[in-house]
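Working notes, beginning with the structure itself.
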């Protein structure tokens, strides 16, 4: 019974047991966030942030957010891996003047080491946020 509890505890803690020697396995998820722009920009482009979640080179999900403090807006987002391996286009969303909107998707695929994922809102392609994926 004690051995079973030790194995269960090791599994929960992210430790693999080999012949009595415990080795730590890195299961810490990475989260990369990068922002560009300014929520107070008078042109309505706002503050745009991309967030990537995963572990190692596996991308579990990615999201793009926007906030514009100067005007209400309606737009849709584009998120793409710069190596052409995939992407996402959101449905149209609308936001009140100071409301932040976030769109994205689960992915569950691996990306190449050093690849970039970038996102922008259709009406403001010059306000693009990117994150680099590393192992």
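In the numbering used here, the protein residues as written are 2 to 136. Ideal Cβ positions, reconstructed from N, Cα and C, are used throughout, including at glycine.
For the beta strand (DSSP E) that residue i lies in, which residues bound it at each end?
{"i": "residue 118", "result": "117 to 122"}
{"i": "residue 111", "result": "101 to 111"}
By DSSP's criteria, residue i is part of a beta bridge. Which residues make up the other side?
{"i": "residue 79", "result": "90 and 121"}
{"i": "residue 38", "result": "48"}
Using the C-alpha atoms, what's the distance from residue j back to residue i?
{"i": "residue 35", "j": "residue 134", "result": "12 angstroms"}
{"i": "residue 28", "j": "residue 71", "result": "With a pLDDT of only 45 at residue 28, under 50, the local geometry of the prediction cannot be trusted, and the value read off the model is given with reservation. So the two alpha carbons sit approximately 41 angstroms from each other."}
{"i": "residue 112", "j": "residue 44", "result": "34 angstroms"}
{"i": "residue 66", "j": "residue 87", "result": "19 angstroms"}
{"i": "residue 75", "j": "residue 69", "result": "11 angstroms"}
{"i": "residue 32", "j": "residue 53", "result": "6 angstroms"}
How about residue i and residue j: are their beta carbons less than 9 angstroms apart?
{"i": "residue 1", "j": "residue 128", "result": "The structure shown does not extend to residue 1, since the chain is modelled only from 2 through 136, so no value can be given for it."}
{"i": "residue 109", "j": "residue 89", "result": "no"}
Within its chain, find whatever has a CB closer than 6 angstroms to the CB of residue i; leave out the 5 residues flanking it on each side and keep chain order.
{"i": "residue 73", "result": "97 and 98"}
{"i": "residue 77", "result": "91, 93 and 123"}
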